[in-house]
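Asker: My structure is below; once you've seen it, I'll send some questions.
Number of protein chains: 2
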Amino acid sequence: MRAYNFSAGPSTLPLDVLEEAQREFLDFSGTGMSVTEISHRNKAFSQIVEEGERLLRELLHIPEDYAVLFVQGGASTQFAAVPLNLMHNGKADYIVTGNFAKKAFEEGKIYGDAACVASSADKTYTYIPDLKNVPFRDGTDYVHICSNNTIFGTRYIEFPETKATLVADMSSEILSREIDVNKFGVIYAGAQKNLAPAGVTIVIAKRSLIQSPLPLCPTMLQWKVQDENGSLYNTPPCFSIYMAVLVLRKFKKEGGIKAINEINEYKAGLLYDFIDNSSFYTNSVVKKYRSIMNVPFVTPSAEQDESFLKGAAKEGLVSLKGHRLVGGMRASIYNAMPVEGVKALIAYMKKFEKDNA
Amino acid sequence: MRAYNFSAGPSTLPLDVLEEAQREFLDFSGTGMSVTEISHRNKAFSQIVEEGERLLRELLHIPEDYAVLFVQGGASTQFAAVPLNLMHNGKADYIVTGNFAKKAFEEGKIYGDAACVASSADKTYTYIPDLKNVPFRDGTDYVHICSNNTIFGTRYIEFPETKATLVADMSSEILSREIDVNKFGVIYAGAQKNLAPAGVTIVIAKRSLIQSPLPLCPTMLQWKVQDENGSLYNTPPCFSIYMAVLVLRKFKKEGGIKAINEINEYKAGLLYDFIDNSSFYTNSVVKKYRSIMNVPFVTPSAEQDESFLKGAAKEGLVSLKGHRLVGGMRASIYNAMPVEGVKALIAYMKKFEKDNA
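These protein sequences, in sequence, are chains V and B.
Residues 1 to 357 (this note's numbering) make up the first sequence, in order.
Residues 358 to 714 (this note's numbering) make up the second sequence, in order.
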């Protein structure tokens with residue numbers, strides 16, 4: 001039986017995409033080779049990379065003066081790549097709204113004067129700081145944010161106005177809602193939540209900003225080098241890119257990001273409404289900043305949380321355990337989570353509440 | 358029809374492994390999830406990572422005081438990781454025997470006093486320099502070699518005796534022959550040739566050497582951090598690791614590296630013998646240093662090379678084009694290339710010679 005997989009990442013993928021990949025797993029595009037075996041220089045494959053870039057540009061309305069890259073190492077590698085490509089004045093501001101935002105900030109400090117200019121740590125990251133009153137410093141190379149916080153279940157609903165280049169880690173929400181790329185100098189995202197199997201990371205970067213990586217930047221972390229080589233400077237993570245393209249084709253067919261966002265808002269709305277109308281379950285995020293991707297919640301006790309998780313797994317509702325930093329449960333309901341999955345979760349929550357309240 | 362795929366990387370994988378992966382593509386280990394969807398923290402998956410490490414230790418006789426890591430970014434990322442983890446005195450020697458050895462050397466120069474102490478560039482990298490007379494310098498942090506040269510088709514048949522730590526890029530020959538890991542401080546290898554789909558890189562590093570990465574080393578490039586986290590510091594390239602484990606299980610079942618090496622020697626012997634007995638085809642590598650993984654060869658003219666490649670593709674013998682730096686043809690006959698594939702290539706070569714000599 002196929003599980004409803006609420007994992008925060010790697011995450012559920014569209015069943016029809018998985019079936020398509022399975023069907024042609026031994027013979028990619030009539031080449032007589034698996035897509036896992038084919039040379040990245042083979043035209044049948046390099047066309048896939050080009051199509052991936054084209055589809056991302058189209059779906060996210062990425063202007064021509066931005067590079068669109070497929071790189072390796074996850075967002076965690078980009079935490080270093082950001083300062084190594086951008087920190088020319090050795091100074092950057094970070095807004096810390098969760099675990100990964102903090103990790104990015106810590107990495108920034110390795111390379112220069114990185115400052116945390118706003119944080120929601122005082123209330124366990126349950127909100128996004130007021131963006132009107134952030135004490136941004138002068139002369140910084142960039143301001144870094146994490147637009148959706150996987151562990152704590154918050155998201156930015158608007159983005160800060162900054163003099164410096166705005167850089168965003170969008171790993172847990174890329175392609176889930178429309179964004180204005182022009183507001184950002186750099187956007188990056190591990191693909192293993194909304195887009196593809198783990199192993200590929202998307203970087204969208206304004207070309208004028210990335211022409212002078214710092215002298216100590218590893219060649220592989222230089223966005224300029226990746227851009228000049230069409231993401232084929234070395235052997236890319238071919239299978240993950242291929243899967244991303246199958247998913248992007250589906251997103252396009254289904255009406256693009258606007259249509260996907262409507263479904264995401266609907267799914268999240270169902271779950272939050274249910275939680276808010278229950279006196280048994282709690283989500284402690286400030287409503288305005290609730291993520292539509294990651295929904296953490298708890299029952300009245302840690303014992304009941306544990307019992308909830310055990311029962312859920314038996315019903316085929318899996319990977320609902322919250323991150324150890326917050327405990328309880330977390331339902332990650334990315335693009336590929338069907339409405340039926342959310343409804344099945346709510347049905348189980350109802351039943352569990354009835355049996356345990 | 359399944360092609361015989363002679364690509365230098367990504368490369369052919371064992372058909373039975375591909376079939377197994379295809380069979381369980383929608384339901385990994387009875388979880389109701391694809392292995393491309395499952396959380397890397399799920400026990401069903403973390404066991405795969407542990408099994409991969411265990412199998413590598415067993416097959417390569419890796420001592421307990423070495424870390425065995427699955428990382429991202431390919432050997433090209435390790436070109437930077439090597440100095441960033443090891444270059445405490447800011448000084449390293451490189452032996453340059455080909456394109457990737459040279460790239461590693463160039464990357465080393467970013468971080469300190471890297472010197473090329475021996476090279477075979479004078480004869481288009483068709484040999485390995487005499488290792489008895491290399492002017493290694495005193496006080497270096499390491500000596501770097503590339504043990505098999507994919508583009509030029511050479512390999513080390515013995516390894517240099519060095520006072521400094523010996524570091525080897527074994528990307529194009531890992532698991533193809535027995536090696537004494539104790540001779541090396543660090544071995545690294547992109548997996549996309551002998552082991553798995555592109556996206557995962559193996560690092561084998563003596564733990565005592567990797568405890569103090571340089572202060573500017575990105576966290577993700579710190580071998581110590583990867584070791585402390587069992588290769589799960591961040592989301593790993595799960596699918597490539599899973600495929601690597603299927604391949605490693607097969608290697609073990611088939612008798613380990615000694616048995617695999619015998620087949621590899623046999624396959625390479627068939628091809629080199631045929632070339633040496635032909636007056637039509639030429640391989641210009643010094644015999645002693647011929648790679649058993651990558652066999653470059655030419656016909657008497659560039660026009661005939663082109664015609665050879667076209668005809669070969671029609672016969673299902675694909676990705677035989679030589680690297681642009683050397684032209685002609687190159688047959689990469691990694692572990693997963695069946696003996697029948699080499700025989701089919703030789704049969705075609707015979708026919709082509711007869712028709713065109």
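We treat Cβ as the ideally placed atom computed from N, Cα and C, and that holds for glycine.
For P83(V), name the three-state secondary structure that DSSP assigns.
Answerer: Annotated three-state conformation of P83(V) is helix, per DSSP.
Asker: Pick helix, strand or coil for D495(B), following the three-state DSSP scheme.
Answerer: coil
Asker: By a C-beta neighbour count over all protein chains shown, 10 Å radius and 16 as the cutoff for buried, is Q404(B) buried or exposed?
Answerer: exposed
Asker: For P129(V) and E262(V), what's the separation of their Cα atoms in angstroms?
Answerer: Approximately 26 Å between the Cα atoms of the pair.
Asker: So that I know if they touch, is there some Cβ in chain B lying closer than 9 Å to that of F358(V)?
Answerer: Because chain V in this structure spans residues 1 to 357, residue 358(V) falls outside the shown range and cannot be described.
Asker: Provide the residue(s) that pair with Y451(B) in DSSP beta bridges, ordered along the chain.
Answerer: According to the DSSP secondary-structure assignment, Y451(B) is paired through a beta bridge with C473(B), H501(B).
Asker: Given that S368(B) touches chain V, what residues does it touch there, using C-beta distances under 9 Å?
Answerer: E37, S39
Asker: Between T235(V) and chain B, is the shortest Cβ-Cβ distance under 9 Å, so that the two count as touching?
Answerer: yes
Asker: Can you tell which of M694(B), L702(B), S658(B) has its C-alpha closest to the C-alpha of G685(B)?
Answerer: Comparing alpha carbon positions, the residue from M694(B), L702(B), S658(B) closest to G685(B) is S658(B).
Asker: Identify every run of the alpha helix (DSSP H) within the region 374-426 of chain B, keeping only runs that are complete inside it and at least 4 residues long; order them along the chain.
Answerer: 400-417
Asker: Per DSSP, which residues does D169(V) bridge with? Please list them.
Answerer: DSSP output for D169(V) lists C146(V), Y188(V) as bridge partner(s).
Asker: Roughly how many angstroms separate the alpha carbons of Q222(V) and Q211(V), rounded to a whole number?
Answerer: 9 Å
Asker: What does the alpha-carbon distance come out to for the pair Y266(V) and A121(V)?
Answerer: 29 Å
Asker: Rounded to a whole number of angstroms, what is the C-alpha to C-alpha distance between P197(V) and L417(B)?
Answerer: 29 Å
Asker: Note down the Cα distance separating A336(V) from S119(V), rounded to an integer number of angstroms.
Answerer: 31 Å
Asker: Specify, as a first and last residue, the run of the beta strand (DSSP E) that A688(B) falls within.
Answerer: Element bounds for A688(B): 686-689.
Asker: Who are the Cβ neighbours of F308(V) in its own chain at under 7 Å, not counting the five residues just before and after it?
Answerer: Closer than 7 Å at the Cβ level, and outside the excluded window around F308(V), lie T299, M329, F352.
Asker: What did DSSP end up calling V652(B) once you bin it into helix, strand or coil?
Answerer: strand
Asker: Taking only three categories from DSSP, how would you classify L216(V)?
Answerer: coil
Asker: If we ignore side chains and look at the alpha-carbon of each, how far apart do A360(V) and K610(B) end up?
Answerer: Because residue 360(V) is not part of the residues shown, which for chain V are 1 to 357, the question remains open.
Asker: Buried or exposed for R380(B), please, with buried defined as at least 16 other CB atoms from any protein chain shown within 10 angstroms of its CB.
Answerer: exposed
Asker: Does the count of Cβ pairs from the region 70-85 of chain V and the region 421-437 of chain B closer than 8 Å reach three?
Answerer: yes
Asker: Assign L426(B) to one of two classes, buried (16 or more other C-beta atoms within 10 Å of its C-beta) or exposed (fewer than that).
Answerer: buried
Asker: Please decide whether R359(B) counts as near chain V, where near means a Cβ-Cβ distance under 9 Å.
Answerer: yes
Asker: Check this for me: beta carbons of E535(B) and I632(B), under 9 Å apart or not?
Answerer: One thing to note: E535(B) has its Cβ no nearer than 9 Å to the Cβ of I632(B).
Asker: Nearest-angstrom Cα distance between M577(B) and I531(B)?
Answerer: If you draw a straight line from the Cα of M577(B) to the Cα of I531(B), it comes to about 23 Å.
Asker: Give the residues from the region 214-247 of chain V that approach chain B closer than 8 Å (Cβ to any Cβ), ordered along the chain.
Answerer: P215, L216, P218, T219, M220, L221, Y233, N234, T235, P236, P237, C238, F239, S240, M243
Asker: In three-state DSSP terms, what is K489(B)?
Answerer: K489(B): helix per DSSP, three-state reduction.
Asker: Taking I567(B) as part of the beta strand (DSSP E), name the residues at either end of that continuous run.
Answerer: Counting along the chain, I567(B) falls outside any beta strand (DSSP E), and DSSP gives it neither H nor E.
Asker: Within its chain, find whatever has a CB closer than 8 Å to the CB of G362(V); leave out the 5 residues flanking it on each side and keep chain order.
Answerer: The displayed coordinates of chain V run from 1 to 357. Any statement about residue 362(V) would go beyond what the structure contains.
Asker: Take the Cβ of R411(B) as the centre, count every other Cβ of all protein chains shown within 10 Å, and call the residue buried at 16 or more, exposed below.
Answerer: exposed
Asker: Name the chain B residues whose beta carbon is nearer than 7 Å to that of P197(V)?
Answerer: T393, C595, F596
Asker: From the beta carbon of V527(B), is the nearest beta carbon of chain V less than 9 Å away?
Answerer: Inspection of the sequence shows that residue 527(B) is occupied by Met rather than by Val. So, not an interface residue.
Asker: Report yes or no: is there a C-beta of chain V within less than 9 Å of the C-beta of G455(B)?
Answerer: no
Asker: In chain order, what residues of the same chain lie with their CB nearer than 8 Å to the CB of L271(V), ignoring the 5 residues before and after it?
Answerer: V295, A331, I333, V342, L345, I346
Asker: How about Y111(V): is its C-beta nearer than 9 Å to some C-beta of chain B?
Answerer: yes
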